[in-house]
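Be aware that the sequence shown starts at 166, since it is given in the working numbering, and climbs by one per residue.
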Amino acid sequence: MSASVARTAALAQFSLLAARVEALEPAQLELPARLDPWRVLELVAHVTRNIGAVVPAVTRPEPAARTVELAGYYDVAALAAAAVKQRAIDDARSPVSWSAELAKAVRTAAQSLEGVPDTRLVAVRMGAVSLGDFLVTRCVEGAVHGIDLARALDAEPAAWVDPAAAVVCAQHLAQRGVRHGITAVVQDRVVLIGDTVIPILDYIEWASGRGPAVAGFPPLRL
């Protein structure tokens, strides 16, 4: 997969989320999300931060060297999980329209990426990575939390996840799964683990610690 695929997929995914969030009623923002104690509101604030992080990443001075590999990005991210959860709670207290904030974040991210090569190093919360790798993580964030939003709203997950972003996300999760001795082959709509065929969004839920056991493996957080 080329990093440019991740760029296109990430922008498509967050554009989709912005459109879906814009259609929500105020009462739906108060529904509980499965990421306790977040509601849909905190989850929307979080995904706004996810795509909004692109702008400072590409406008800060370029780091001298990479400090984080894509394979270990979410190992570093796990150390910041509590702070990230609290940040979303704090953000959600702001008296702003989060649907408008998300739409604006997507537009400014797309504009900031114009002409910036995927090979450029960027300084982000987890360290210095290539822009292309950072955009892979944006696909992961957008796809996983798109499913989270769908589940909170009792909606069909496929309506909240762009197909290309799902593939990028699943490919990254599959690469991380190798450390657990799990070989997964990602296709456009399904993931193969041995002889077991798993719908791609079910695989993403399982591999991110949200879904039931698949192919004899218990739920994981890869």
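Beta carbons: idealized from backbone N, C-alpha and C, even for Gly.
No experiment lies behind these values; they were computed from the predicted model shown.
C-alpha gap between residue i and residue j, whole angstroms
i, j, result
"Asp319", "Val350", "29 Å"
"Ile347", "Ala330", "22 Å"
"Thr273", "Arg341", "31 Å"
"Gln352", "Gly237", "23 Å"
"Gly280", "Asp313", "32 Å"
"His337", "Val305", "8 Å"
"Asn325", "Thr232", "Reading off the sequence, residue 325 comes out as Trp, not Asn. About 33 Å."
"Leu189", "Ala315", "12 Å"
"Thr224", "Leu278", "10 Å"
"Pro197", "Val249", "18 Å"
"Met291", "Arg214", "14 Å"
"Val212", "Arg199", "15 Å"
"Pro322", "Gly311", "7 Å"
"Pro191", "Thr361", "41 Å"
"Val356", "Leu235", "21 Å"
"Asp332", "Ile216", "The amino acid occupying residue 332 in the given sequence is Val; Asp does not appear at that position. One C-alpha to the other measures close to 18 Å."
"Trp203", "Glu187", "19 Å"
"Asp201", "Pro226", "36 Å"
With 16 other Cβ atoms within 10 Å as the buried cut-off, status of residue i
i, result
"Arg344", "exposed"
"Arg303", "buried"
"Ala246", "exposed"
"Arg185", "buried"
"Ser373", "buried"
"Ala339", "buried"
"Leu208", "buried"
"Leu244", "exposed"
"Glu266", "buried"
"Arg386", "exposed"
One or two residues paired with residue i in a DSSP bridge
i, result
"Ala293", "Ala288"
"Lys361", "Residue 361 is actually Thr in this sequence, not Lys. The partner list for Thr361 (beta bridge, DSSP) reads Ile358."
"Arg386", "Ser373"
"Val350", "Leu357"
"Pro197", "Arg204"
"Val379", "Phe382"
Cβ shell of residue i (< 8 Å), same chain only, five flanking positions each side left out
i, result
"Ala222", "Val287, Ala288, Val289, Leu296 and Phe299"
"Ser262", "none"
"Val241", "Val233, Met291 and Gly292"
Chain-order list of residues whose beta-carbon lies under 7 Å from that of residue i (same chain, five-residue window excluded)
i, result
"Gly376", "Asp367, Glu370 and Pro384"
"Pro228", "Leu286, Ala288 and Ala293"
"Gly359", "Ala380"
"Cys334", "Cys304, Val305, Ala308, Val309 and Ile369"
"Ala378", "Pro384"
"Ala210", "Ala253, Asp256, Ala257 and Trp263"
"Val220", "Thr273, Ala274 and Ser277"
"Ser169", "Asp283"
"Ala230", "Ala293"
Residues near residue i in its chain [Cβ-Cβ closer than 6 Å; skip 5 each side]
i, result
"Asp327", "Ala177, Gln178 and Leu181"
"Arg354", "Ile365"
"Ala317", "Leu196, Ala198 and Val205"
"Arg172", "Leu300"
Next on the checklist: I'd like the ranges of any beta strand (DSSP E) spanning at least 3 consecutive residues and lying wholly in the stretch 225-280.
Outcome noted: None, since the stretch 225-280 contains no complete beta strand (DSSP E) of that length.
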